[in-house]
Each structure stands twice: as C-alpha cells, then as structure tokens.
Amino acid sequence: MEKEPNLWHEVLQRLTKIEENTKNISDVSAKATDAWHKSVNNESDINELKENQKWTWRTIAGICVSVIVIVISKFIGGS
1 MEKEPNLWHE VLQRLTKIEE NTKNISDVSA KATDAWHKSV NNESDINELK
51 ENQKWTWRTI AGICVSVIVI VISKFIGGS
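Here full-length UniProt numbering is used: position 63 in the sequence shown is 63, and no number is missing along the way.
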C-alpha cells in the first residue's frame, strides 16, 4: 500500500510537467498561423515588385531606343 501514494504522486508530477509543456501550444499555433499569412502576403508583394521592375526596364529600354533613333536621324539628316 505504500507504493500506491508514491505512484499517484509520481503520476501527478508527470501530469504537471505535461501541462507545463503544452500550455503555450495555442500561442505557438496562433503565431505560426500569423507567420503563414504574412508569408502569403509577402509572396504577393514580391510578385508585384517583380512585375513593376519588368515594366521599369521595358520603359528604360524604350527610352534608349528612342534616343538612339533620334541620334541616328540627326546624323543621317545632317541637321
């Protein structure tokens, strides 16, 4: 009979440890969900930035072509 109180005491200690280890799981889950939503939003923002960068480089290329055409026409036209 002496073993039974010790057994219950040990079970309660282990249960307390389990409760301590699992009490912050909901906080961790909420943080993980928040991080996932931010990563999805960041992915969208990165894709938008890439598209804007393509547009910028195309505009710069168009300006360069226009300048080259103007310079060539000035030399050929002689004015």
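The C-beta atom is built at its ideal place from N, Cα and C for all residues, glycine as well.
Asked: C-alpha gap between residue 38 and residue 32, whole angstroms; Found: 10 Å
Asked: Neighbourhood of residue 21 by C-beta, 8 Å cutoff - its chain only, sequence neighbours within 5 removed; Found: none
Asked: Three-state class that DSSP yields for residue 23 in the structure shown; Found: coil
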